[in-house]
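*Asks:* Quick note on this note's numbering: the sequence shown kicks off at 1396 and runs consecutively.
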Amino acid sequence: MSVLVNKQSKIIVQGFTGTEGTFHATQMIEYGTSVVGGVTPGKGGQQHLDRPVFNTVADAVKQTGANVSIIFVPPAFASDAIIEAAESGLGLIICITEGIPVQDMIKVRHYLSGTSSRLIGPNCPGVITADECKVGIMPGFIFKKGRIGIVSKSGTLTYEAADQVAKAGLGISTAIGIGGDPIIGTTTKEAVELFMNDDETDAIVMIGEIGGSMEADAARWVKENGTKPVVGFIAGQTAPPGRRMGHAGAIVGGADDTAAAKMKILRECGISVADSPADIGKTMAEVIAMKAAKKTAKI
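Now the structure itself:
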């Protein structure tokens, strides 16, 4: 299996005919992703990128059999778009939109808690299963097929990690960009769990940043339940307390929110920590080699 998306995934694009939706849908189609249509209210019945356009998500799902949606709509309308996708029974919803008001995401989280839909994002680069399916804005050529899973709050660090892993002679099973907003759909721990349960993933890169407790929660879960090695990196090592750095959720609010505190927790939980993003691939290669050596020694 693969994590979240694969060759069989059928994708619809909400905000299909807009500038961002058009550009990234084109890139996804060129990657080989099965984009089966899109949604732009008021433009139903038209064709766009040789795919049908629908007025509602419900119509799109009914006529295409889609099971995944990716959202490129303005922040003011994004929460309604997420809820519409969930109402239509889509199992996976990926929201790229940045700048959604926190109060809107509180409403979304409450609504989703009563459904079977999984949200990735918002303010994220999406999900890619290498050489199979790209649902997002990531540069697909970086992701070489392999058996390392990536979960990251940062889009650019997702790409850097994939590049470092490839240069180390390894490759990527799936990469999940969970987003860096204060309220997101899928947490670091939940994404790590998915990889721990994936037969095609041998090890995990976990990239976090200052602010919040998601990395610590994931690390403690790994300590108690992990069956695969994890390499961690925390961005924001020079960030001053009380100042937001990049993402809306990246702000040091307490002693445990700093990069140093999080790196300490990761190490205490048995996670191999890279001090620089340039060391992610090298650290993972060392971890994989150590795992292989232990397996050989047992034989």
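Glycine residues also receive a C-beta, built at the ideal position from the N, C-alpha and C atoms. Given the structure is predicted, the values throughout are model-derived calculations rather than measurements.
1) Quick one: Cα of residue 1453 to Cα of residue 1677, how far?
2) Going straight from the alpha carbon of residue 1531 to that of residue 1657, what length do you get?
3) I need the DSSP call for residue 1352, collapsed to helix, strand or coil.
4) Mind checking who residue 1630 pairs with in its DSSP beta bridge?
5) Is the Cβ-Cβ distance between residue 1451 and residue 1434 less than 8 Å?
6) Since residue 1421 is in the alpha helix (DSSP H), which residue starts that stretch and which ends it?
7) For residue 1529, list the residues DSSP reports as bridge partners.
8) In three-state DSSP terms, what is residue 1409?
9) Kindly indicate the opening and closing residues of the alpha helix (DSSP H) around residue 1579.
10) Of the choices 1565, 1518 and 1555, whose alpha-carbon is the least far from that of residue 1466?
11) Please determine, among 1568, 1405, 1687 and 1561, the residue with the shortest C-alpha to C-alpha distance to residue 1523.
12) Just to check my reading of the structure: residue 1608 and residue 1573 have Cβ atoms closer than 8 Å, yes? What is that Cβ distance to the nearest angstrom?
13) Who are the Cβ neighbours of residue 1616 in its own chain at under 6 Å, not counting the five residues just before and after it?
14) Which residues in the same chain have their Cβ closer than 7 Å to the Cβ of residue 1478, if we skip the five residues on either side of it in sequence?
15) Counting along the chain, where does the alpha helix (DSSP H) carrying residue 1472 start and finish?
16) Along the beta strand (DSSP E) that carries residue 1563, what are the first and last residues, could you check?
17) So residue 1430 is in the beta strand (DSSP E); what residue range does that whole segment cover?
18) Our contact map puts residue 1470 next to residue 1494 with C-beta atoms below 8 Å; I'd like the distance itself, whole angstroms only.
19) Tell me whether residue 1499 is buried or exposed, calling it buried when 16 or more other Cβ atoms sit within 10 Å of its Cβ.
20) Helix, strand or coil: how does DSSP classify residue 1690 here?
21) Please state whether the Cβ-Cβ distance between residue 1407 and residue 1459 is less than 8 Å.
22) Going by the CB atoms, is the gap between residue 1545 and residue 1557 shorter than 8 Å?
23) Ignore the nearest five residues each way along the sequence and tell me which others in residue 1562's own chain have a CB closer than 6 Å to its CB.
24) Quick test of your reading: residue 1605 and residue 1551, contact by CB under 8 Å. State the CB separation rounded to the nearest angstrom.
25) Just the Cα atoms here: how many angstroms apart are residue 1446 and residue 1421?
26) Report buried or exposed for residue 1511, applying the criterion of at least 16 other Cβ atoms within 10 angstroms of its Cβ.
*Replies:* If we stick to the structure as given:
1) Within the sequence shown, the letter at position 58 stands for residue 1453. Within the sequence shown, the letter at position 282 stands for residue 1677. So the alpha carbons of these two residues sit roughly 46 Å apart.
2) Position 136 of the sequence shown, counted from the first residue, corresponds to residue 1531. Position 262 of the sequence shown, counted from the first residue, corresponds to residue 1657. Straight-line Cα distance between these residues: approximately 28 Å.
3) The requested residue 1352 is not part of the displayed model; the chain covers only 1396 to 1694.
4) Translated into the one-based positions of the sequence shown, residue 1630 becomes position 235. 1604, per the DSSP bridge assignment.
5) Your numbering for residue 1451 matches position 56 in the sequence shown. Your numbering for residue 1434 matches position 39 in the sequence shown. Yes, they are a contact pair.
6) Position 26 of the sequence shown, counted from the first residue, corresponds to residue 1421. Where residue 1421 is concerned, the enclosing alpha helix (DSSP H) stretches over 1414–1426.
7) Taking the first residue of the sequence shown as position 1, residue 1529 is located at position 134. BP columns for residue 1529 point to 1523.
8) Locating residue 1409 in the sequence shown gives position 14, counting from the first residue. It is a strand residue.
9) Taking the sequence shown and counting its residues from 1, one reaches residue 1579 at position 184. Looking at the DSSP string, residue 1579 is not in any alpha helix (DSSP H), and its letter there is neither H nor E.
10) Numbered from 1 along the sequence shown, position 71 holds the residue referred to as residue 1466. Looking at the Cα atoms, 1518 is the closest of the given residues.
11) Translated into the one-based positions of the sequence shown, residue 1523 becomes position 128. For the residues 1568, 1405, 1687 and 1561, the minimum Cα distance to residue 1523 belongs to 1568.
12) Position 213 of the sequence shown, counted from the first residue, corresponds to residue 1608. Position 178 of the sequence shown, counted from the first residue, corresponds to residue 1573. Contact doesn't hold; Cβ gap of about 14 Å is too wide.
13) Working through the sequence shown from its first residue, we reach residue 1616 at position 221. Excluding positions up to five away in sequence, the list reads 1584.
14) In the sequence shown, residue 1478 corresponds to position 83, counting from 1. Hits under 7 Å: 1503 and 1506.
15) Residue numbering aside, residue 1472 sits at position 77 when the sequence shown is read from its first letter. Its alpha helix (DSSP H) spans residues 1470–1482.
16) The residue you call residue 1563 lines up with position 168 of the sequence shown. Here residue 1563 belongs to no beta strand (DSSP E), and DSSP marks it neither H nor E.
17) Position 35 of the sequence shown, counted from the first residue, corresponds to residue 1430. Where residue 1430 is concerned, the enclosing beta strand (DSSP E) stretches over 1430–1434.
18) Along the sequence shown, read from residue 1 onward, the residue named residue 1470 stands at position 75. Along the sequence shown, read from residue 1 onward, the residue named residue 1494 stands at position 99. The beta carbons of residue 1470 and residue 1494 sit about 4 Å from each other, so the pair counts as a contact at 8 Å.
19) Locating residue 1499 in the sequence shown gives position 104, counting from the first residue. Residue 1499 is buried by the Cβ-count criterion.
20) For the purposes of this step, residue 1690 is taken as residue 295 along the sequence shown, with counting starting at 1. Residue 1690 falls in the helix class under three-state DSSP.
21) As a position in the sequence shown, residue 1407 is number 12, starting the count at 1. As a position in the sequence shown, residue 1459 is number 64, starting the count at 1. Yes; because the gap between Cβ atoms is below 8 Å, this pair is in contact.
22) In the sequence shown, the residue the question calls residue 1557 occupies position 162. In the sequence shown, the residue the question calls residue 1545 occupies position 150. Yes, the pair counts as a contact, with Cβ atoms nearer than the cut-off.
23) Start at 1 with the first residue of the sequence shown, and residue 1562 comes out as number 167. Taken in chain order, the residues that qualify are 1676.
24) The count along the sequence shown starts at 1 and reaches residue 1605 at position 210. The count along the sequence shown starts at 1 and reaches residue 1551 at position 156. In fact, because the Cβ distance is near 16 Å, the residues do not count as touching under 8 Å.
25) Looking up residue 1446 in the sequence shown gives position 51. Looking up residue 1421 in the sequence shown gives position 26. Rounded to whole angstroms, residue 1446 to residue 1421 spans 11 Å at the Cα level.
26) If you number the sequence shown from 1, residue 1511 lands on position 116. By the neighbour-count rule (16 or more Cβ atoms within 10 Å), residue 1511 is not buried but exposed.
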